[in-house]
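Structure first, then comments.
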Amino acid sequence: MPLRFRIQPTDEARPGGATGPLVARDVEVSEAPGEVRVGRRADIELPLPFAALSGVHARLHRADGGWVVEDAGSTNGTWLDGARLGPGERRPLVAGAELRLASVRLRFEGTGPATPAATEGTATIARRLVADLFDDAGGSPTVRITRGAAPFALALRTLGRVYVAGRAEGCALPLGVEEVSREHAAFVRDAEGVIVRDLGSKNGVIVGGARIEGERALVDGDVIEIGPVAMTLEDPVSRYLRELERKTPDLPPTVVSVGAETAAFPPTTAPQPTVRGAGRLVVGIAVAILLLLAITAVVIFS
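Residue numbers for the sequence shown, in the numbering used here: 5 to 306.
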């Protein structure tokens, strides 16, 4: 049965420029692997798209028929019911327990049968968490005409709504250009992002210089061409997620054992000898060898 969590972002976790409401989200994660990694990385079992988190921030493990939690060497720490976990420390995780990873709060709801929330997948939940924070008057994805027609900006504010672009009256995105079909293309915003769909137009829909077949998922900055009209998608959510993926990954802490004790230290870079220092070392060794040869020669021939 899947593990259930309720994720509650905080004001401290807000991305820059996000002013939307703080909305709790329920998510379910398969327990099949026996380990659930939680953190900023998109390729782990429970990705949480917040910059304050480490790539892998915490780990959950099976133990004695239940689950335990441990900090995975995070930069900003992990707390269980208000108490911070020490390096390598594991504590039992029971239903109702409150986890805090840096500035993100999670409540562990235990295990149970799968519900409709599980069908979204963790990647969709990650996008929803960010979309909630950006989804205010100025945070919706926007299609903006950049050339070929009168300036216009269409905000895609409603999930699931079909926004038609074309020459016909009543189109959400009016394009009064002869080369554009009456209903040429459609933009749809869903839980995964924004797609553009060709509505059987004569001249087609081009994204990034290539004509699409059917429909195509869009990301922030994509250029869409409909006849001579060019437009750009501005999507603060996909922009933020892309920048988060580019964030420098965390280096693992260095683990040092001293007797029975083990300590973790932040990663460091060992100083490298300079070229000048290395050259002096070579010269010193050469001089020592010559002196040794001279002394040997004196001993042999005296």
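No residue lacks a Cβ here, since even glycine has one placed at the ideal position from N, Cα and C.
Taking a 10 Å sphere around the C-beta of Val166, we find fewer than 16 other C-beta atoms and assign the residue as exposed.
The bridge partners DSSP lists for Phe54 come to none. By the Cβ criterion, the region 169-182 is in contact with the region 226-242, since at least three pairs of Cβ atoms, one from each stretch, lie closer than 8 Å. In this structure, DSSP gives Ala87 an extended state, which the three-state scheme calls strand.
Shown here for Ile199: same chain residues with a beta carbon closer than 7 Å to its own, the five before and five after excluded, namely Val192, Glu219, Arg220, Ala221 and Leu222 in chain order. Pairwise C-beta distances place the region 25-40 in contact with the region 49-65, as three or more of them are shorter than 8 Å. Each of Val211, Glu187, Gly164 and Ala195 was checked against the Cα of Arg171, and the nearest Cα belongs to Glu187. Listed as beta-bridge partners of Ile11 by DSSP are Arg29 and Leu110.
By alpha-carbon distance to Ile11, the top candidate from Trp71, Phe112 and Asp85 is Phe112. If you draw a straight line from the Cα of Trp83 to the Cα of Met235, it comes to about 46 Å. Beta-bridge analysis with DSSP links Phe138 to no other residue. For the pair Leu177 and Ala189, the Cα-to-Cα distance works out to about 9 Å.
Looking at the backbone, the Cα of Arg94 and that of Ala62 are separated by about 10 Å. Considered as a whole, the region 203-259 harbours 240-250 as its complete alpha helix (DSSP H) runs of no fewer than 4 residues, in chain order. Under DSSP, Asp194 shares a beta bridge with Gly197. Distance from Leu137 to Pro13 at the Cβ level is roughly 7 Å; contact confirmed, criterion being Cβ atoms closer than 8 Å.
Of Ala28, Glu238 and Leu158, the smallest CA-CA separation from Ala130 is found for Ala28. Sorting Val227, Asp85 and Arg161 by C-alpha distance to the C-alpha of Arg151 places Val227 at the top. DSSP places Ile149 inside the beta strand (DSSP E), whose first and last residues are Thr146 to Arg151. Your pair Val168 and Leu237 does not check out as a contact, with CB atoms roughly 16 Å apart and the cut at 8 Å.
As computed with DSSP, Thr128 is found in no beta bridge at all. Rounded to whole angstroms, Ala76 and Pro91 show a C-alpha spacing of 8 Å. Relative to Arg250, the option among Arg88, Lys206, Asp239 and Phe54 whose CA is nearest is Phe54. Nearest to Ala195 by C-alpha distance, out of Leu160, Val60, Glu217 and Gly114, is Leu160. In this chain, the beta strand (DSSP E) harbouring Arg63 covers Ala62 to Ala67. The beta carbon of Arg104 sits closer than 6 Å to those of Trp83, all from its chain and outside the five residues before and after it, given in chain order. Glu217 and Asn207 have their C-alpha atoms some 12 Å from each other. Cβ neighbours of Gly43 within its own chain (closer than 6 Å, five residues either side excluded): Leu57, Ser58, Gly59, Val60 and His61.
Distances from the alpha-carbon of Arg8 to those of Val40, Asp15, Leu26 and Glu16 put Val40 closest.
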